[in-house]
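Numbering (the numbering used here), first residue to last: 1 to 505.
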């Protein structure tokens with residue numbers, strides 16, 4: 001008599017259809033094809049539209065900003081046969097070289113092949129990646145009874161006691177719409193920096209710690225035509241691209257460049273860049289922009305049509321909840337500033353790591369939940385801190401860091417048996433973020449930059465809310481005390497302690 005095998009069914013609810021959520025959905029549904037002991041029913045909800053259903057014109061209108069896709073993200077995508085080859089490849093621009101502009105006259109140029117393997121890094125629009133992942137999901141599982149998607153649906157609240165999420169579909173026809181109760185066995189919070197799943201962690205765990213703060217900067221981004229003197233596939237970091245501003249320039253598909261410009265929060269923006277007149281902005285760029293030829297009139301038009309952008313960052317001390325039966329992935333766990341271009345890569349790696357844990361522990365979620373935190377918390381926190389604390393808010397310190405980094409690269413080429421490669425250039429090649437963090441700490445970079453950045457941010461906060469004032473009279477008295485009274489006190493102390501000996505001599 002044949003022995004029947006009990007099949008365990010798990011209802012997976014994924015909140016957020018970003019890179020982490022979409023890849024996780026694909027990996028869960030593929031497990032149904034590969035294993036027989038556990039079946040997964042996947043429900044995906046997101047407040048936005050399904051980019052995978054948009055045509056080329058519609059996707060172009062939904063264009064976001066260019067981001068880097070490198071080893072950690074690509075290796076995660078390549079775990080799914082055909083996903084990279086049939087859906088991802090060709091969406092972006094391969095990186096061929098990097099230009100580091102320290103000043104107007106001092107620039108370093110590096111070949112991409114010197115620090116990344118061939119076909120292992122390119123820049124791509126974030127929404128194009130989401131569209132590709134969604135198309136794969138729809139093409140392979142849209143008619144699968146184990147998959148349901150609810151786009152244009154906002155998650156409102158996690159009811160941890162009853163293991164369900166209350167969600168509200170978008171009301172576009174002004175009819176009465178009832179909120180949805182979506183039950184789950186396992187909940188994945190892939191819902192970004194303002195995560196409602198993470199909110200449930202706060203109300204459930206007294207020992208859950210997280211902070212959400214800005215990256216002490218603001219700026220704007222523009223899309224410009226590729227200049228004749230810039231090779232397609234060139235990535236740039238330009239210090240002082242405008243007075244007091246830094247620019248990250250990424251190659252963009254269609255012979256374009258995505259130019260992101262930012263400055264510190266404590267710096268007052270010049271009146272020209274705050275103007276609503278595109279001609280005023282264009283004239284300012286003509287006078288000050290020096291990195292490469294740029295259509296200043298087009299920049300002016302784009303500049304005035306958008307608001308100021310800010311970027312937040314998140315740290316959490318764990319990513320799993322056993323009472324909630326939930327995990328945090330992507331920006332919900334470790335939102336970061338884009339300085340090292342690893343945010344989306346780490347989000348994709350989160351989904352891949354979860355799939356590997358399910359393989360290793362035979363779908364035993366009691367083991368997988370805490371193991372996920374053990375494996376990913378160090379990577380997520382390393383990501384956020386490497387992004388923010390290897391780039392200094394102080395222009396002087398940043399120039400010093402850039403010079404030292406390029407000297408290290410040169411010495412490594414000459415004396416590789418004595419000088420190791422720069423850890424930051426090992427990340428695109430596959431080095432774990434936690435290992436890069438360890439090495440940068442050993443070099444003392446993290447500590448120096450963190451001390452400087454934290455001091456500047458705290459000082460600005462204290463002054464901006466009125467805890468500390470720029471009091472001129474108090475400043476004069478402090479200087480008098482420092483330069484006049486302190487020496488007097490020291491002289492008096494010396495006289496009291498050693499006066500008898502001095503008089504005897």
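All C-beta atoms, glycine included, are put in the ideal place defined by N, C-alpha and C. Note that this is a predicted model, so its numbers are computed, not measured.
Can you find the residues in the same chain that come closer than 7 Å, C-beta to C-beta, to residue i, ignoring five residues on each side of it along the sequence?
i           : result
residue 411 : 419
residue 183 : 11, 163, 164
residue 321 : 201, 204, 205
residue 256 : 223, 224, 225, 226
residue 276 : 304
residue 197 : 15, 158, 187, 189, 191, 326, 328, 332
residue 108 : 100, 406
Determine which residues share a DSSP beta bridge with residue i and list them.
i           : result
residue 258 : 223, 250
residue 447 : Answer is none; residue 447 lacks a bridge partner.
residue 320 : 327
residue 41  : 11
residue 263 : 218
residue 463 : Note: residue 463 sits in no beta bridge, so no partner.
residue 94  : 122
residue 111 : 97
residue 399 : In the DSSP output, where bridge partners are listed per residue, residue 399 has none listed.
residue 213 : 313
residue 236 : 99, 249
residue 22  : For residue 22, which the question treats as bridged, DSSP gives no partner whatsoever.
Could you check the C-alpha separation between residue i and residue j for me, to the nearest Å?
i           : j           : result
residue 261 : residue 216 : 14 Å
residue 209 : residue 466 : 28 Å
residue 506 : residue 88  : The shown model of the chain, from 1 to 505, leaves out residue 506, and the question about it has no answer.
residue 33  : residue 42  : 14 Å
residue 279 : residue 297 : 7 Å
residue 454 : residue 29  : 44 Å
residue 338 : residue 104 : 23 Å
residue 572 : residue 461 : This structure cannot speak to residue 572, because the chain is shown only from 1 to 505.
residue 319 : residue 281 : 44 Å
residue 557 : residue 102 : Absent from the structure is residue 557, since the part of the chain shown begins at 1 and ends at 505.
residue 291 : residue 283 : 16 Å
residue 80  : residue 116 : 22 Å
residue 112 : residue 77  : 22 Å
residue 323 : residue 350 : 21 Å
Which same chain residues end up closer than 8 Å to residue i when comparing Cβ atoms and leaving out the 5 residues on each side of it in sequence?
i           : result
residue 245 : 219, 261, 262, 263
residue 127 : 51, 59, 62, 63, 64
residue 295 : 224, 225
residue 186 : 10, 11, 12, 13, 325, 326, 327, 365
residue 8   : 37, 38, 39, 363
residue 424 : 340, 386, 390, 405, 436, 440
residue 503 : Bear in mind that a pLDDT of 49 at residue 503, under 50, signals an unreliable position, so the number given afterwards is only what the model happens to contain. If we look at residue 503 and ignore the five residues flanking it on each side, it has no Cβ neighbours.
residue 134 : 17, 22, 50, 51, 52, 53
Tell me which same chain residues have a C-beta within less than 6 Å of the C-beta of residue i, skipping the five on either side of it?
i           : result
residue 1   : Low per-residue confidence applies at residue 1: pLDDT is 44, beneath 50, and the placement is therefore not dependable enough to give any value.
residue 317 : 209
residue 335 : 193, 312, 313, 314
residue 124 : 69, 91, 92
residue 214 : 310, 312
residue 293 : 227
residue 421 : 412
residue 379 : 433, 434
residue 342 : 383
residue 299 : 222, 285
residue 153 : 45, 167, 169
residue 266 : 460
residue 506 : Examination of residue 506 is not possible in this model, given that the chain is present from 1 through 505 alone.
residue 427 : 436
Let me confirm a value: residue i is counted as buried when at least 16 other C-beta atoms fall within 10 Å, else exposed. Which label applies?
i           : result
residue 258 : buried
residue 47  : buried
residue 305 : exposed
residue 241 : buried
residue 156 : exposed
residue 106 : exposed
residue 361 : exposed
residue 417 : exposed
residue 458 : exposed
residue 191 : buried
residue 469 : exposed
residue 445 : buried
residue 239 : buried
residue 178 : exposed
residue 396 : exposed
Please specify which runs of the alpha helix (DSSP H), each continuous and at least 4 residues long, are wholly inside the stretch 295 to 379, giving them in chain order. 296 to 304, 331 to 334, 343 to 360
Enumerate, from N- to C-terminal direction, the unbroken beta strand (DSSP E) stretches of 3 or more residues contained entirely within the stretch 45 to 83. 66 to 69
Run through the stretch 123 to 189 for me and flag every whole beta strand (DSSP E) of 3 or more residues, listed as ranges in chain order. 147 to 150, 153 to 159, 164 to 169, 180 to 183, 186 to 189
Uninterrupted alpha helix (DSSP H) stretches inside the stretch 408 to 454 (no shorter than 4 residues): 423 to 426, 433 to 442
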